[in-house]
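S.K.:
Chains as they are written, first to last, in my numbering: chain D, 119 to 255; chain W, 119 to 255; chain B, 119 to 255; chain G, 119 to 255.
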């Protein structure tokens with residue numbers, strides 16, 4: 119089963135740089151919006167994960183920029199869960215420019231599970247094992 | 119006695135908007151840099167205040183924009199402590215463009231004292247009374 | 119006639135600070151979202167104004183913080199046009215926390231009209247005179 | 119010859135998230151600070167490149183997070199030029215936590231050359247060919 123979500127994001131004036139395109143670092147906000155929208159849909163949002171006493175910091179991110187977004191554009195972030203055996207949360211992303219559905223950027227992210235004290239969990243926490251079972255991934 | 123501090127800040131590319139000037143909201147980062155530089159100089163930094171189990175959230179801020187800062191500019195934030203009887207921390211600010219020392223913006227801020235539980239302190243906490251005595255303000 | 123707009127904004131994880139509340143400077147993004155939503159509704163958006171060869175930089179902003187917004191909250195920004203005779207654009211704002219409609223913050227902003235060369239317009243540009251007539255403000 | 123630069127960056131309060139660590143997206147500001155500090159040292163800054171009528175947007179970025187930076191930390195960004203034959207600008211980065219010189223993050227970035235009209239340059243522009251000759255890279 120493929121788990122994915124689509125989230126619309128309106129480009130903010132403050133996100134555009136002096137080249138009149140969205141500053142590249144702001145795409146990481148869009149990826150996070152996508153990830154969180156996915157989390158709300160599938161029961162894996164930050165607040166939900168926190169309620170299990172687990173933190174999920176990013177350990178790796180990458181982004182490939184294809185076509186710039188501009189002020190006035192709406193972006194669509196498609197977030198897909200990437201199945202894996204490790205105690206890791208992996209997503210990949212495609213950001214589209216809504217008006218023509220051209221690909222603006224693609225990206226991937228990897229998160230790990232930490233205790234509130236900052237200790238790395240080497241095996242997936244129970245709630246995540248259950249979550250994977252529930253969704254068949 | 120007048121307590122004041124000057125802090126240099128290099129404008130970041132990501133802080134400039136499509137009009138090629140620093141986006142107005144980013145001046146609040148510069149004010150915070152000024153406030154924190156003041157705090158480090160006079161023993162009133164965030165981490166120092168936290169060590170007394172007190173939070174100091176902003177309750178009011180204003181900013182008047184005079185001349186824009188651009189990418190390539192260095193700003194100088196002058197932060198002045200404003201003496202007052204209330205359980206409040208008040209600062210005023212002048213932001214200069216370093217190359218010609220023209221005034222770019224002025225501002226003021228007001229902070230209150232909270233317990234970590236979010237309760238407002240109606241009288242100044244002891245450490246702040248001591249701090250005012252020490253500096254004669 | 120009173121011109122006003124309401125715009126919903128979902129708080130981003132990246133907008134929350136280490137006190138677990140929205141960092142005060144991020145409210146200026148919410149005010150800009152409100153202003154731009156107003157502009158789209160009433161034909162006074164940035165891109166529309168630019169099409170008349172006029173820039174409208176902020177010259178003054180203030181914000182009073184009442185109750186913090188947190189991650190998970192949705193904000194509602196109410197933006198109201200403030201009628202005035204000068205060649206200025208003035209708005210005031212109320213930011214509500216959607217879940218209980220408590221006031222989170224209030225603010226005001228003032229913008230002026232500039233030529234693309236950065237010259238201040240001392241009288242309102244034609245398109246703005248027409249705009250005021252159209253809306254009776 | 120290896121070209122590299124080291125740049126110190128003080129972590130801002132507003133860059134720290136509710137986990138009390140620097141929000142992962144803000145590392146892209148630090149990478150940009152490093153890249154720009156490199157550019158100022160070696161004559162390849164944004165404004166210098168623009169003066170040759172060339173834009174150098176990011177097309178790819180990645181970042182690996184090792185140990186979090188916190189408020190109160192100073193970061194050191196080491197930026198290294200990565201030699202390559204293509205019409206591309208490639209850097210890699212190591213971000214250290216200054217107090218113990220532990221590695222906080224590593225990253226790489228790739229930029230291309232565009233005309234102001236947004237056309238991709240398939241061969242390196244003259245100024246960049248000269249720059250590479252000058253520095254023997």
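All C-beta atoms, glycine included, are put in the ideal place defined by N, C-alpha and C.
1) Run down chain W in chain order and give the residues with a C-beta less than 8 Å from the C-beta of residue 143 of chain D.
2) What residues in the stretch 160-194 of chain B bring their beta carbon closer than 9 Å to a beta carbon of chain D?
3) If you draw a straight line from the C-alpha of residue 238 of chain B to the C-alpha of residue 245 of chain B, how long is it?
4) Taking all protein chains shown into account, decide if residue 197 of chain B is buried (16 or more other Cβ within 10 angstroms of its Cβ) or exposed.
5) Can the beta-carbon of residue 136 of chain G be found closer than 8 Å to that of residue 230 of chain B?
6) With DSSP as the reference, identify every bridge partner of residue 126 of chain B, one or two as the case may be.
7) Going by CA-CA distance only, name the one from D:189, D:120, D:234 that's closest to residue 169 of chain D.
8) Could you check whether residue 119 of chain G and residue 249 of chain G sit closer than 8 Å to each other, using their CB atoms as the reference points?
9) With distance defined between alpha-carbon atoms, name the residue in G:201, G:193, G:222 nearest to residue 124 of chain G.
10) With a cut-off of 8 Å, does the C-beta of residue 126 of chain B fall near any C-beta of chain D?
11) Check distances from the C-beta atoms of the stretch 200-213 of chain W to those of chain B and list, in chain order, the residues that come in under 7 Å.
12) Could you check whether the Cβ of residue 136 of chain B sits closer than 8 Å to any Cβ belonging to chain G?
13) The alpha helix (DSSP H) that contains residue 155 of chain D, what's its start and end?
14) Using the DSSP secondary-structure output, state which residues sit across from residue 222 of chain D in a beta bridge.
15) Please list, in chain order, the chain W residues whose beta carbon lies closer than 7 Å to that of residue 147 of chain G.
16) On the CB-based measure, 16 or more other CB atoms within 10 Å of its CB, does residue 236 of chain G come out buried or exposed?
17) Please report the residue range of the alpha helix (DSSP H) in which residue 248 of chain G lies.
18) On the CB-based measure, 16 or more other CB atoms within 10 Å of its CB, does residue 147 of chain D come out buried or exposed?
19) Tell me which same chain residues have a C-beta within less than 7 Å of the C-beta of residue 131 of chain D, skipping the five on either side of it?
20) Any beta carbon of chain W sitting closer than 8 Å to that of residue 151 of chain G?
21) If you follow the alpha helix (DSSP H) that residue 164 of chain W is part of, which residue opens it and which one closes it?
22) Tell whether a beta-carbon distance below 8 Å holds between residue 211 of chain W and residue 173 of chain W.
23) Can the beta-carbon of residue 175 of chain G be found closer than 8 Å to that of residue 240 of chain G?
24) Taking Cβ-Cβ distances shorter than 7 Å, what residues in chain W pair up with residue 154 of chain G?
25) For a test of the three-state rule: what should DSSP assign to residue 227 of chain G, helix, strand or coil?
26) If you measure between the beta carbons of residue 227 of chain G and residue 214 of chain G, is that distance less than 8 Å?
27) Between the alpha carbons of residue 153 of chain D and residue 247 of chain W, how many angstroms are there, rounded?
28) How far does the beta strand (DSSP E) with residue 213 of chain W in it extend, from its first residue to its last?
29) Going by CA-CA distance only, name the one from W:207, W:143, W:216, W:208 that's closest to residue 127 of chain W.
30) Would you report the Cα separation of residue 185 of chain D and residue 164 of chain G, rounded to the nearest angstrom?
M.R.: So, from the data block:
1) 132
2) 163, 164, 165, 189, 190
3) 16 Å
4) buried
5) In this structure, residue 136 of chain G keeps its C-beta atom at 8 Å or more from the C-beta atom of residue 230 of chain B.
6) B:194
7) D:234
8) no
9) It is G:193 whose Cα lies nearest to the Cα of residue 124 of chain G.
10) By this cut-off, residue 126 of chain B is not an interface position.
11) none
12) yes
13) 145-160
14) Residue 222 of chain D pairs with nothing; no bridge assigned.
15) Correct list: 130, 132.
16) exposed
17) Residue range 244-253 is occupied by the alpha helix (DSSP H) that includes residue 248 of chain G.
18) buried
19) 189
20) yes
21) 164-168
22) Not a contact, by the Cβ cut-off of 8 Å.
23) no
24) 131
25) strand
26) no
27) If I take the Cα positions, the gap works out to 46 Å.
28) 206-215
29) W:216
30) 20 Å
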